[in-house]
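Engineer: Below is a structure I'd like to ask you about.
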């Protein structure tokens, strides 16, 4: 295995400040991570049996000119040809420096709304950007990943870069033939990667490695390999799985997949790009306005490919409950929004801020860990709390208690505090304090009933 030391030009964008540094990365990085320690049972996976074109094997790892990345709460990033568009949260978009981008190489939205981007600036200097997300645990993982990525400063290497972030902090990155992936990656995917590596070593042929990886909700994944074959997990979206299966015998017709994106938040969302330029996607959480805009730009991209390659596309687009069939030929004239006469930038769309699911998930896990270490997690206390809560809620509802002054339902507040009192029993040192609170609560509730 080769070890390398490289100079790193990096941009680390935090919530408050932006810094640019040129440093020497003293860490030694192996070209590929060793086997992950995992004993989980791997999922069933599917391998396509198409015959790859060996003459193009060297170029097969070059990412296509289309990128799509799903973020939380309907946010996303996409690149179609020379045009790209941000649809990110307010906190993220204000830290993304896109004004100095000359050529975009790779970009991806993280599970908690953060953002990674590799590009060449107007002075032809390769730059990495990282906008931190809202989950501290994920930021810690990405803080270790960012130096590994930003040590690559040569444009030829960055042109061979792919970034993918999945659920529960999982990620897969590739710069040229150097790959990095998290320990939380699906065991079945790790096993598939190791099988490909072992097979190449056994029969003494050129190693097959993942050219592009998609990580989705529920541990679903899909891979496009460097030999132009592709694989997917058993839990993949059925509609996308149907597309992949139907394209297996059509590799020579330009219908093989070259890019796949899965949503880590919704198993029904995906974005698929075929070799001939056909875009197939399902977007459930994107806003109506953003979906219409993407539909328009997708038609323009396929129109340019039709004129360039003489291809005809039979395409379907859906907005809401309306689905229409569209035929795109070299003679049609759908607006092409990314020709050189147009600006390569579209207006950055800003989503309304909501806590990403990843943040709520980690907060819930932290609360659950604290609860497990308390006396309330004991079985007898849980039974008592549940019984008392049900009885209290039923009693309060039956007498029609209205809302308290802070807007919370009196019945549910009574449910919680009665549960706490009766469930903890003699073990609770604050028994007297809680009894006083419940007595005052009862008096207040009776006053509500009398008014």
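Numbering (the working numbering), first residue to last: 125 to 575. The beta-carbon is built from N, C-alpha and C at its ideal position, and this holds for glycine as well.
Does the separation of the CB atoms of residue 340 and residue 391 fall below 8 Å?
Structural biologist: Cβ atoms of residue 340 and residue 391: closer than 8 Å.
Engineer: I think residue 579 touches residue 308, with their Cβ atoms under 8 Å apart; what is that distance to the nearest whole Å?
Structural biologist: The requested residue 579 is not part of the displayed model; the chain covers only 125 to 575.
Engineer: Assign residue 412 to buried or exposed, taking buried as 16 or more other Cβ atoms, counted over all protein chains shown, within 10 Å of its Cβ.
Structural biologist: Classification of residue 412: exposed, given that the 10 Å Cβ count is below 16.
Engineer: How far does the beta strand (DSSP E) with residue 292 in it extend, from its first residue to its last?
Structural biologist: Segment: none, residue 292 is in no beta strand (DSSP E) and carries neither H nor E.
Engineer: Relative to the C-alpha of residue 203, which residue among 219, 197, 241 is closest?
Structural biologist: With distances taken between Cα atoms, residue 203 lies closest to 241.
Engineer: Near residue 187, which residues of its chain fall below 6 Å by C-beta distance, leaving aside the five closest residues on each side in sequence?
Structural biologist: So the qualifying residues of the chain are 286.
Engineer: Mapping DSSP to helix, strand and coil, what is residue 323?
Structural biologist: Correct three-state label for residue 323: helix.
Engineer: Determine which residues share a DSSP beta bridge with residue 245 and list them.
Structural biologist: Looking at the DSSP assignment, residue 245 forms a beta bridge with 225.
Engineer: When the Cα atoms are used, what is the spatial distance from residue 165 to residue 259?
Structural biologist: With a pLDDT of only 34 at residue 165, under the threshold of 50, the placement of this residue in the model should not be trusted; the figure read from the coordinates follows. Each residue's alpha carbon lies about 28 Å from the other.
Engineer: For residue 304, which of helix, strand or coil comes out of DSSP?
Structural biologist: Strand at residue 304.
Engineer: Between which residues of its own chain and residue 402 is the CB-CB distance below 6 Å, once the five residues before and five after are set aside?
Structural biologist: So the qualifying residues of the chain are 437.
Engineer: Measure the C-alpha to C-alpha separation of residue 246 and residue 264 and round it to an integer number of angstroms.
Structural biologist: Near 31 Å, if we compare the C-alpha coordinates of residue 264 and residue 246.
Engineer: Are the beta-carbon atoms of residue 266 and residue 252 separated by less than 8 Å?
Structural biologist: No, Cβ-Cβ distance for residue 266 and residue 252 is not below 8 Å.
Engineer: Considering only the alpha carbon of each residue, which of 420, 205, 238, 190 lies closest to residue 196?
Structural biologist: It is 238.
Engineer: Please classify residue 400: does DSSP put it in a helix, a strand, or coil?
Structural biologist: Here residue 400 sits in coil by DSSP.
Engineer: So, does the segment 417 to 433 touch the segment 352 to 372, judging by three or more C-beta pairs under 8 Å?
Structural biologist: Too few Cβ pairs lie closer than 8 Å, so no.
Engineer: Quick check on residue 219: buried or exposed, where buried means 16 or more other Cβ atoms within 10 Å of its Cβ?
Structural biologist: Per the 10 Å Cβ criterion, buried.
Engineer: Between which two residues does the alpha helix (DSSP H) harbouring residue 209 extend?
Structural biologist: Unbroken run through residue 209 is the beta strand (DSSP E), 207 to 213; no alpha helix (DSSP H).
Engineer: Can you grab the Cα-Cα spacing for the pair residue 306 / residue 345, in whole Å?
Structural biologist: Looking at the two C-alpha atoms, the distance is approximately 14 Å.
Engineer: What is the rounded straight-line gap between the Cα of residue 279 and the Cα of residue 446?
Structural biologist: Whole-angstrom Cα-Cα distance: 43 Å.
Engineer: Would residue 511 be called buried (16 or more neighbouring beta carbons within 10 Å of its own) or exposed?
Structural biologist: The residue in question, residue 511, is exposed, as its Cβ has fewer than 16 Cβ neighbours within 10 Å.
Engineer: Kindly give me the distance between the Cβ atoms of residue 351 and residue 332, rounded to whole angstroms, as I take these residues to be in contact under 8 Å.
Structural biologist: Confirmed, about 5 Å.
Engineer: Kindly indicate which three-state DSSP category residue 310 falls into: helix, strand or coil?
Structural biologist: Coil.
Engineer: Would the beta-carbon of residue 282 fall within 8 Å of that of residue 250?
Structural biologist: The answer is yes: Cβ separation under 8 Å.
Engineer: Determine the extent of the beta strand (DSSP E) in which residue 630 is found, giving its start and end residues.
Structural biologist: With the chain covering only 125 through 575, there is no way to say anything about residue 630.
Engineer: I'd like the list of long-range same chain contacts for residue 415, defined as Cβ closer than 7 Å, with 5 residues on each side in sequence excluded.
Structural biologist: Here the set comprises 407, 443.
Engineer: Would you tell me roughly how many angstroms separate the C-alpha atoms of residue 172 and residue 228, rounded to the nearest one?
Structural biologist: Any reading at residue 172 needs caution, since the residue's pLDDT is 39, under 50, leaving its predicted position unreliable; the model's value is listed next. Roughly 31 Å separates the two Cα atoms.
Engineer: Could you tell me which of 192, 207, 211, 189 sits nearest to residue 198, measuring between CA atoms?
Structural biologist: Checked all of 192, 207, 211, 189; the closest Cα to residue 198 is 211.
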